[in-house]
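**Student:**
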Ligand code: B1M
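Residue numbers (the UniProt record's numbering): 1 to 209.
#1: Mapping DSSP to helix, strand and coil, what is residue 57?
#2: Taking only the alpha-carbon atoms, compute the straight-line gap between residue 3 and residue 18 and give it to the nearest angstrom.
#3: Excluding sequence positions up to five away, which residues of its chain have a Cβ less than 6 Å from the Cβ of residue 70?
#4: Which first and last residues belong to the beta strand (DSSP E) in which residue 173 is found?
#5: Express the C-alpha separation of residue 153 and residue 118 in angstroms, rounding to a whole number.
#6: Which residues mark the beginning and the end of the beta strand (DSSP E) in which residue 144 is found?
#7: Decide if residue 40 is buried, meaning its Cβ has at least 16 other Cβ atoms within 10 Å, or exposed.
#8: On the DSSP bridge assignment, give the partners of residue 70 in chain order.
#9: Out of 48, 196, 168, state which residue places its alpha-carbon closest to the alpha-carbon of residue 189.
#10: Please tell me whether residue 101 and residue 123 are closer than 7 Å, where the distance is taken between their beta carbons.
#11: Buried or exposed, going by whether 16 or more other CB atoms sit within 10 Å of the CB of residue 209?
#12: Would residue 146 be called buried (16 or more neighbouring beta carbons within 10 Å of its own) or exposed?
#13: By the three-class DSSP mapping on this structure, what secondary structure does residue 213 have?
#14: Does the Cβ of residue 57 have 16 or more other Cβ atoms within 10 Å, making it buried, or fewer, making it exposed?
#15: Count the other C-beta atoms from every protein chain shown that fall within 10 angstroms of the C-beta of residue 103, then say buried if there are 16 or more, exposed otherwise.
#16: If I'm right that residue 113 touches residue 87 with Cβ under 8 Å, what's the distance once you round it to whole angstroms?
#17: Below 8 Å on the Cβ atoms is my guess for residue 158 versus residue 200; work out the distance and round it to an integer in Å.
#18: State the Cα-Cα distance for the pair residue 108 and residue 55, rounded to the nearest angstrom.
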């Protein structure tokens with residue numbers, strides 16, 4: 001199956017076509033990870049590159065994001081299906097000021113698939129909201145996502161909020177997102193950095209083992 005057609009449908013923001021091709025690919029036994037990586041995620045990189053070069057603008061990026069989400073919705077039941085008993089709890093969200101949620105949703109789905117009970121706070125999440133939810137559900141992990149260099153510093157505000165409340169040591173922070181790095185995680189005293197959703201699962205399993 002030619003997943004290039006899927007990538008093109010995401011790039012064009014054609015959600016209906018994306019759904020159709022993902023269903024078709026699954027019926028032809030193409031693996032969900034190949035559909036995700038080759039068809040969906042790569043398309044967003046192309047869109048990002050075009051945006052950088054002023055070949056597409058915010059409305060087109062938004063259409064592509066909607067199309068990508070349509071594809072992910074089809075894959076979600078497969079990615080999150082797990083027969084195992086929950087191994088822990090995690091709160092996840094995209095930090096304040098940041099509206100990007102595709103990567104965060106992907107991390108949520110994969111962690112859920114790994115048997116972690118997920119509490120998704122969505123986008124534009126304040127430090128106070130992370131703290132309140134983490135305490136309420138007695139989370140093991142607090143997972144922060146940021147896609148902008150301008151919102152990444154807010155991750156430190158979240159860690160500081162937990163310090164201020166005197167509960168920092170009760171939670172393990174995992175952070176990620178395109179501009180984030182291992183050294184940045186260290187610099188803000190987050191516990192772990194995960195490069196992508198697959199690494200996030202490895203990291204979470206290691207923590208909860
Ligand atoms: Co925006 N955007 N965007 N955007 N957008 C980027 C991020 C950008 C790199 C594009 C570019 O210039 N090439 C650029 C950021 C530049 C920078 O800061 N250095 C950018 C910009 C500038 C902007 C605006 C400022 C544009 C404007 O208004 N002028 C604006 C900001 C809005 C805001 O947030 N306040 C904006 C808006 C948008 C849309 C709303 C239109 C839309 C998002 C819609 C949505 O998410 N529902 C959008 C999109 C779609 C993108 C690109 C094209 C795609 C992002 C994406 O979904 N990638 C993006 C370009 C790019 O990434 N190449 C771009 C696919 C996704 C699977 O990858 O999110 O990286 P990603 O997630 C990965 C890893 O990062 C990691 O795992 C995921 C899976 O492997 N990961 C984690 C993520 N979170 C993690 C958490 C973890 C662990 C791993 O642990 C907890």
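Think of the CB as a built atom: it goes at the ideal place given N, C-alpha and C, for glycine as much as any other residue.
**Tutor:** The short version:
#1: Residue state, collapsed to three classes: coil.
#2: 10 Å
#3: 15, 18, 19
#4: 172-176
#5: 24 Å
#6: 141-145
#7: buried
#8: Answer by DSSP bridge pairing: none, since residue 70 is not bridged.
#9: 168
#10: yes
#11: exposed
#12: By the neighbour-count rule (16 or more Cβ atoms within 10 Å), residue 146 is buried.
#13: As displayed, the chain neither begins before 1 nor continues past 209, which places residue 213 out of reach and without an answer.
#14: exposed
#15: buried
#16: The pair is not a contact, with the Cβ atoms about 12 Å apart (cut-off 8 Å).
#17: No, residue 158 and residue 200 are not in contact; Cβ-Cβ is about 17 Å, not under 8 Å.
#18: 31 Å
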